[in-house]
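Below: one structure, written as structure tokens.
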Amino acid sequence: MVRTNTIARDNSIKRKHLVSSLITGLAIGAIAGTPIGWFAHQYYYQQTLARTLICREQNSSRPAAVVDQLCGSRF
């Protein structure tokens, strides 16, 4: 006969641990998220600027008002 031993574990999270885990998670998220967000913003900004400049270069023979309407502002 095979006998299995079951051990009762107390896995409940106490309020004290929950608050400290939340604060730790927010701190790690802020530290890790800030550089990731900055890099993502820089990438998006460079891509948008490149698209605008290419459009302006392709339409350089048109009047400035038409180019602004087609390509958007550089800023």
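Numbering (the numbering used here), first residue to last: 1443 to 1517. Heads up, the beta-carbon is just placed ideally off N, CA and C, and yes, glycines get one too. None of the values given here were measured: they were computed from a predicted structure.
With the cut-off set at 7 Å, would you say ARG1498 and VAL1509 are in Cβ contact? Result yes, Cβ atoms of ARG1498 and VAL1509 sit closer than 7 Å.
Output the residue ranges of the alpha helix (DSSP H) runs that lie fully inside the region 1455-1498 and measure 4 residues or longer, sorted by chain position. Those alpha helix (DSSP H) runs which fall completely within the region 1455-1498 and span 4+ residues do not exist here.
List the whole-angstrom C-beta distance separating ASN1501 from LEU1491, where the pair is believed to meet the contact cut-off of C-beta under 8 Å. The C-beta distance from ASN1501 to LEU1491 rounds to 16 Å, too long to meet the 8 Å contact threshold.
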